[in-house]
Amino acid sequence: MGNTEKLQLFEDRKVRTVWNEVEEQWYFSVKDVVSVLTDTANAKDYISKMRRRDPELSEGWGQIVHPLSLQTAGGVQKENCATMEGIFRIIQSIPSKKAEPFKQWMAQVAAQRIDQAIDPERSIDQAIADYRRLGYSEAWITRRIKTIEIRKGLTDEWKRGGVTKEVDFAFLTDLMSKTWSGLTTKEYKNLKGLTKENLRDNMTNMELLLNALAEESATQLSRERNPEGLVQNAVVAEEGAEVAKTAKEELEKRLGRSVVTSEKAIDYIQSPEELPFNKR
20 MGNTEKLQLF EDRKVRTVWN EVEEQWYFSV KDVVSVLTDT ANAKDYISKM RRRDPELSEG
80 WGQIVHPLSL QTAGGVQKEN CATMEGIFRI IQSIPSKKAE PFKQWMAQVA AQRIDQAIDP
140 ERSIDQAIAD YRRLGYSEAW ITRRIKTIEI RKGLTDEWKR GGVTKEVDFA FLTDLMSKTW
200 SGLTTKEYKN LKGLTKENLR DNMTNMELLL NALAEESATQ LSRERNPEGL VQNAVVAEEG
260 AEVAKTAKEE LEKRLGRSVV TSEKAIDYIQ SPEELPFNKR
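The opening residue of the sequence shown carries number 20 in our numbering; numbering runs sequentially from there.
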């Protein structure tokens with residue numbers, strides 16, 4: 020389904036990466052790699068000087084680096100990235116004691132992604148570890164992991180029904196969100212004051228449950244009706260979301276308030292003294 024950006028950490032330093040699902044390999048931000056290995060405050064300038072020092076590297080630069088979309092301080096922009104092989108070539112021109120440890124780290128990143136593709140349970144285990152590290156409550160984590168499984172079931176159904184384009188997945192997701200919550204994904208994120216953060220990671224327990232109800236309902240309906248193509252899948256997706264909309268409206272009538280709120284993940288983060296590793 021295209022490229023997926025992810026932030027990796029090497030010795031507590033951020034390295035932006037992009038997983039190419041077609042090629043099944045990672046691309047690493049050249050600027051981030053140079054910054055990590057040299058501790059330079061101006062990676063762009065260092066790269067220019069490095070290329071002047073190494074004519075062979077400069078001559079083959081166009082084959083080594085590829086402009087890919089990455090998140091920057093100014094929003095999503097095209098920045099030079101390279102595969103593990105390309106980064107190894109660049110490292111040859113950087114005198115740094117961190118070179119070998121960095122190569123080993125890149126190999127571990129690649130191996131981890133392959134392991135997760137073979138055994139999806141590893142991805143779930145990693146997600147749980149990440150949520151715990153960030154301080155989410157165990158109850159919230161349990162619900163969030165279940166919604167990941169439900170979402171996977173729905174996207175598998177969409178693929179079975181012939182939906183393969185990333186833009187179509189986004190369309191169906193927006194359709195379902197608008198139907199049950201009254202908000203598109205973008206509008207929902209705006210309500211919560213989010214930018215690049217994951218919306219589901221910032222949903223309340225009730226929002227997670229209602230969204231999961233919409234997706235599981237759509238999955239069950241799809242298995243019964245076997246829709247083909249975007250139009251038929253959209254009809255089924257909307258019907259599934261209608262189930263959650265009905266439940267939402269009934270609950271709101273009894274509560275006397277909306278269950279779609281501006282509350283976000285920070286409201287579920289435990290205080291430092293509550294975290295498991297601080298308990299004695």
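The beta-carbon is built from N, C-alpha and C at its ideal position, and this holds for glycine as well.
In this text the structure is predicted, and so the values were computed from the model without any measurement.
**Q.** Delimiting residues of the beta strand (DSSP E) encompassing Ala-101
**A.** 94-102
Q: Determine the burial state of Trp-177: buried for a count of at least 16 other Cβ atoms within 10 Å of its Cβ, exposed for fewer.
A: buried
Q. Looking at the unbroken beta strand (DSSP E) that takes in Thr-183, where does it start and where does it end?
A. Careful: Thr-183 lies outside any beta strand (DSSP E) and carries neither H nor E.
**Q.** Beta-carbon proximity list for Gln-44, same chain, < 6 Å, skipping 5 on both sides
**A.** Thr-102
Q) Apart from the five residues on each side of it in sequence, which residues of its chain come closer than 8 Å, Cβ to Cβ, to Leu-202? A) Ser-196, Leu-210, Val-279
Q.
Give me the residue from Val-254, Ala-233, Thr-238, Ser-277 with the minimum Cα distance to Ala-260.
A. Ala-233
Q: Classify Gly-94 as buried or exposed, calling it buried when 16 or more other Cβ atoms lie within 10 Å of its own Cβ.
A: exposed
(Q) Rounded to whole angstroms, what is the Cα-Cα separation between Phe-188 and Val-254? (A) 14 Å
Q. If you draw a straight line from the alpha carbon of Gln-111 to that of Glu-98, how long is it in whole angstroms?
A. 21 Å
Q. Between which two residues does the alpha helix (DSSP H) harbouring Pro-86 extend?
A. First-last for Pro-86: 85-91, but that is the beta strand (DSSP E), not the alpha helix (DSSP H).
**Q.** Local Cβ density within 10 Å of Ala-237, reported as buried at 16 or more and exposed below that
**A.** buried
Q.
So for Thr-204, helix, strand or coil by DSSP?
A. helix
Q: Determine the direct distance from the alpha carbon of Phe-107 to that of Arg-242, and round the result to whole angstroms.
A: 47 Å
Q: Return the residue from the list Gly-154, Gln-239, Ser-156 that minimises the CA-CA distance to Val-262.
A: Gln-239
**Q.** Which residues DSSP lists as bridging Ser-48, in chain order
**A.** Cys-100
Q) What does DSSP give as the partner residues of Val-279 in its beta bridges? A) DSSP, once it has assigned bridges, lists no residue as partnering Val-279.
Q) How many angstroms separate the CA atom of Met-222 from the CA atom of Lys-283? A) 6 Å
Q: For Lys-116, name the three-state secondary structure that DSSP assigns.
A: coil
(Q) Between Val-37, Ile-109, Ala-60, Arg-151, which has its C-alpha nearest Arg-71's C-alpha? (A) Ile-109
Q.
Quick check on Leu-28: does DSSP put it in helix, strand or coil?
A. strand
Q: Taking all protein chains shown into account, decide if Asp-138 is buried (16 or more other Cβ within 10 angstroms of its Cβ) or exposed.
A: Residue placement at Asp-138 is flagged as unreliable, the pLDDT there being 43, under the threshold of 50; the coordinate-derived value follows with that caveat. That one is exposed.
Q) CB-CB under 8 Å to Val-34, same chain, minus the five flanking residues each way: which ones, in chain order? A) Leu-26, Gln-27, Leu-28, Phe-47, Ser-48, Asp-51, Val-52, Val-55
Q. So, helix, strand or coil for Asp-175, using DSSP?
A. helix
Q.
Tell me the rounded alpha-carbon separation between Asn-245 and Asp-175.
A. 12 Å
Q | Closest Cα partner of Glu-104 within the set Ser-88, Gln-123, Thr-91 | A | Gln-123
Q. How is the alpha helix (DSSP H) around Thr-238 delimited, first residue to last?
A. 224-244
Q | Sequence-distant residues of its chain with Cβ nearer than 6 Å to Lys-117 (five each side left out) | A | Leu-56
Q | Beta-carbon proximity of Leu-218 to Thr-204, cut-off 8 Å | A | yes
Q) With 16 other CB atoms within 10 Å as the buried threshold, where does Thr-161 fall? A) exposed
Q) Nearest CA to the CA of Ala-266: which residue from Arg-179, Leu-229, Leu-249? A) Leu-229
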